[in-house]
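Heads up: the sequence lines are chains A and B, in that order.
The opening residue of the first sequence carries number 194 in my numbering; numbering runs sequentially from there.
The opening residue of the second sequence carries number 2 in my numbering; numbering runs sequentially from there.
For every residue, glycine included, the Cβ atom is placed at its ideal position computed from N, Cα and C.
Remember, it's a predicted structure, so these values are computed and weren't measured experimentally.
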Amino acid sequence: DTGVSQDPRHKITKRGQNVTFRCDPISEHNRLYWYRQTLGQGPEFLTYFQNEAQLEKSRLLSDRFSAERPKGSFSTLEIQRTEQGDSAMYLCASSPGQYMNTEAFFGQGTRLTVV
Amino acid sequence: AQTVTQSQPEMSVQEAETVTLSCTYDTSESDYYLFWYKQPPSRQMILVIRQEAYKQQNATENRFSVNFQKAAKSFSLKISDSQLGDAAMYFCAYYDYQLIWGAGTKLIIKP
Chain A
194 DTGVSQDPRH
204 KITKRGQNVT
214 FRCDPISEHN
224 RLYWYRQTLG
234 QGPEFLTYFQ
244 NEAQLEKSRL
254 LSDRFSAERP
264 KGSFSTLEIQ
274 RTEQGDSAMY
284 LCASSPGQYM
294 NTEAFFGQGT
304 RLTVV
Chain B
2 AQTVTQSQPE
12 MSVQEAETVT
22 LSCTYDTSES
32 DYYLFWYKQP
42 PSRQMILVIR
52 QEAYKQQNAT
62 ENRFSVNFQK
72 AAKSFSLKIS
82 DSQLGDAAMY
92 FCAYYDYQLI
102 WGAGTKLIIK
112 P
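Following this line, the structure appears as structure tokens:
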């Protein structure tokens with residue numbers, strides 16, 4: 194296992210288009226997190242899954258954002274009708290335990306640029 | 002709501018010297034976890050060290066140690082014998098059911 198994998202690494206899209214990102218967590222990690230990070234800032238929580246169940250969504254996550262984790266394996270994050278303010282790094286992390294006191298492993302992120 | 006504050010946007014240190022990065026947080030909880038993460042340029046976030054609030058002993062990982070002051074809600078990171086590979090953004094984070102992050106401190110290592 195090579196760690197958390199995110200695809201694509203970079204995405205440039207025109208405003209108004211839909212985009213989808215994929216995250217493959219480390220095998221058998223139960224928890225999967227999505228964060229958004231803008232330049233010069235710390236990550237902001239978007240949502241997380243315990244296996245296939247989406248347990249929490251941030252108020253930052255507008256109805257244009259949706260995330261899934263079918264079968265509790267990989268996850269996708271879709272942004273519909275993208276806006277320039279959506280430009281950011283989208284980070285995925287997974288952890289093995291039920292509680293975040295266990296180490297969270299991060300992917301390299303997907304950098305989205307909306308033009 | 003819990004908040005995490007890192008008051009130093011940038012710090013620099015001479016190679017082989019010691020540097021301390023500051024972090025304060027606000028919470029009404031008594032039991033929680035605190036973390037320091039490192040994010041090298043164009044690379045993924047890596048856990049540096051973690052502290053459990055119910056443990057009074059400060060966590061240590063090789064050259065990295067923390068000064069955890071629960072009453073003051075302070076959680077600083079000390080890096081001893083700084084190396085060029087330590088150059089990165091360092092983020093302090095508080096765990097509730099999800100990680101709440103500070104804005105980060107950019108650490109520059111001078112050769």
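Sorting Asn211/A, Gln277/A, Arg229/A, Gln234/A by C-alpha distance to the C-alpha of alanine 286/A places Arg229/A at the top. Glutamine 234/A places its beta carbon 8 Å or farther from that of glycine 300/A. Bounds of the beta strand (DSSP E) holding valine 307/A are 303-307. A straight line joining the alpha-carbon of tyrosine 55/B with that of glutamine 70/B spans about 11 Å. For histidine 203/A, the enclosing beta strand (DSSP E) stretches over residues 203-206. With its beta carbon at least 8 Å from every one in chain A, alanine 89/B lies outside the interface.
Not flagged as an interface residue toward chain B: glutamate 271/A, since no C-beta distance is shorter than 8 Å. For tyrosine 226/A, the closest alpha carbon among the candidates Leu35/B, Gln99/B, Tyr91/B is that of Gln99/B. Nearest CB-CB separation between glutamate 245/A and chain B: not below the 8 Å threshold. With fewer than 16 other Cβ atoms from the protein chains shown falling within 10 Å of its own Cβ, histidine 203/A counts as exposed.
Taking C-alpha positions only, valine 212/A is separated from glycine 103/B by approximately 28 Å.
Isoleucine 110/B has Val14/B as its beta-bridge partners, per DSSP. When 8 Å is used as the limit between beta carbons, proline 236/A is near these residues of chain B: Met46, Phe92, Leu100, Trp102, in chain order. Going by DSSP, glutamine 52/B is part of the beta strand (DSSP E) stretching over 47-53. Listed as beta-bridge partners of leucine 100/B by DSSP are Tyr96/B.
Sorting Lys207/A, His222/A, Arg257/A by C-alpha distance to the C-alpha of serine 266/A places His222/A at the top.
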